[in-house]
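Inspection log for the structure reproduced underneath, given as structure tokens.
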Amino acid sequence: METDKIVCLNDCYMPAGEAAVPVADQGLLYGMGIFETIRVSGGLPRLVGLHLSRLQKSAGELGLEVPYSPGAIEEMLYRTAQKNGITEGGLRLTLTAGGGQCRPSLLVQPRDQTYGEEMYSLGIRAGFSPYVRNERSPLVRHKTLNYYENIMARRLAASSGWGEALFLNCSGNLAEGSVSNVFLVRDGRVITPESGSGLLPGITRRRVIDACASLKIPLEERVVGPGRLYGAGEIFLTNSLMGVMPLTRLENTPVGNGVPGEITRLVAQEMERLAAL
830 METDKIVCLN DCYMPAGEAA VPVADQGLLY GMGIFETIRV SGGLPRLVGL HLSRLQKSAG
890 ELGLEVPYSP GAIEEMLYRT AQKNGITEGG LRLTLTAGGG QCRPSLLVQP RDQTYGEEMY
950 SLGIRAGFSP YVRNERSPLV RHKTLNYYEN IMARRLAASS GWGEALFLNC SGNLAEGSVS
1010 NVFLVRDGRV ITPESGSGLL PGITRRRVID ACASLKIPLE ERVVGPGRLY GAGEIFLTNS
1070 LMGVMPLTRL ENTPVGNGVP GEITRLVAQE MERLAAL
């Protein structure tokens, strides 16, 4: 991130190059902390209540203190977007653990939008990460600062010409992508790995489930073996910034007919409709 961008650190606004956390912060020393990535659209942070609810839930389960009220954090998000002139893009909200004499830190910073229109019209390519997601880990359901495994998978994806890397779990079944949840379409049904498969229960994942219910498209949360992906008519990925992203090639194999599918399009449209209500 450019050092001249404006960030909000503990309710104080400053250039990114001037922001600092104490060297004793356990977020810095041990990766103890959590974060949220929030989409900005039309100049406004979206689905803030859902993101803050997940932040509070994760903080409670991981023994972290949230030093500001939801209302105060929401104000920080809006003001950071405004100060940086963000119309379309994102914000990252980071909470560190603090520790000892060091209080927790809350940071809001701009997050670049990295998904171009061509990716939605043509779809992206993905492959399988060699790193295994431990579905029994107490951290797997939380968006923690201990993110190095995801970064390694992202590096592999970039070096392989993929837009995403997919994790299998210790049982050899599909878990999630390095930054996304995964959905496949078979015989008119949308299928996604069940929450016990070792995945972050994404906010956009929940919105897809709601959109399918609204459209009366059958949806199953179940164990998904990797072989089922190769027989899928459509696959799409989701997160807060990308929304619904078609996946049209799995390693060297086209997904379906190799173009974004109709159910993918319908789900994306319905999510936008529901968000506008």
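In my numbering, the protein residues as written are 830 to 1106.
By construction, the Cβ of each residue, glycine as well, lies at the ideal position given by its N, Cα and C atoms.
Whole-angstrom Cβ separation of residue i and residue j, contact assumed at under 8 Å?
i, j, result
"Ser958", "Ser1007", "7 Å"
"Leu893", "Ala849", "20 Å between Cβ atoms; not a contact."
"Thr909", "Val877", "Incorrect: roughly 12 Å between the Cβ atoms, too far for contact."
"Glu917", "Ser950", "Not quite, the Cβ-Cβ distance comes to about 17 Å (not below 8 Å), so this is no contact."
"Ala1040", "Leu1103", "6 Å"
"Leu1079", "Leu1066", "That pair is no contact at about 11 Å."
"Glu964", "Gly1031", "Not quite, the Cβ-Cβ distance comes to about 16 Å (not below 8 Å), so this is no contact."
"Leu1044", "Leu1095", "6 Å"
"Val969", "Leu924", "With 8 Å as the limit, Val969 and Leu924 do not qualify as a contact, their Cβ atoms being about 18 Å apart."
"Gly1063", "Thr1082", "Here residue 1063 turns out to be Glu, not Gly, going by the sequence shown. So it is not a contact: roughly 14 Å between Cβ atoms."
Would you kindly report the start and end of the unbroken beta strand (DSSP E) that includes residue i?
i, result
"Glu964", "Premise fails: Glu964 is in no beta strand (DSSP E) and is neither H nor E."
"Glu1049", "1048-1051"
"Ala1105", "Per DSSP, Ala1105 belongs to no beta strand (DSSP E) and is neither H nor E."
So, are the CB atoms of residue i and residue j less than 9 Å apart?
i, j, result
"Asn1010", "Leu1029", "yes"
"Gly900", "Gln855", "no"
"Leu873", "Tyr897", "no"
"Leu881", "Glu865", "yes"
"Gly952", "Val1084", "yes"
"Leu922", "Leu879", "no"
Could you please give the first and the last residue of the uninterrupted alpha helix (DSSP H) stretch that includes residue i?
i, result
"Glu1080", "Unbroken run through Glu1080: none, as it is neither H nor E."
"Met981", "977-989"
"Pro899", "899-912"
"Met843", "Per DSSP, Met843 belongs to no alpha helix (DSSP H); it is in the beta strand (DSSP E), 841-844."
"Ala1004", "Here Ala1004 belongs to no alpha helix (DSSP H); instead the beta strand (DSSP E) covers 1003-1006."
"Val937", "Element bounds for Val937: not the alpha helix (DSSP H) but the beta strand (DSSP E), 935-940."
"Arg1035", "1032-1044"
"Arg921", "Careful: Arg921 lies outside any alpha helix (DSSP H), inside the beta strand (DSSP E) at 918-925."
"Glu946", "946-951"
Can you have a look at residue i and say buried or exposed, based on whether 16 or more other CB atoms are within 10 angstroms of its CB?
i, result
"Ala1097", "buried"
"Ser1069", "buried"
"Ser887", "buried"
"Cys837", "buried"
"Glu890", "exposed"
"Asn979", "buried"
"Arg940", "buried"
"Glu1005", "buried"
"Met770", "The chain is shown only over 830 to 1106; residue 770 falls outside these bounds and no answer can be derived."
"Thr1033", "buried"
"Ala1061", "buried"
"Asn1002", "buried"
"Gly1090", "buried"
"Gly862", "buried"
"Gly1072", "buried"
"Met843", "exposed"
"Val1019", "buried"
Cβ-heavy atom distance between residue i and the ligand FMN below 8 Å?
i, result
"Tyr949", "Of ligands this structure carries none, so the ligand FMN is not represented either."
Quiz item: Looking at C-beta atoms only, is the number of pairs between the segment 1038-1050 and the segment 947-965 that lie closer than 8 Å three or more?
Solution: no
Quiz item: If we count Cβ pairs, one from each stretch, closer than 8 Å, do we get three or more for the segment 1010-1026 versus the segment 974-992?
Solution: no
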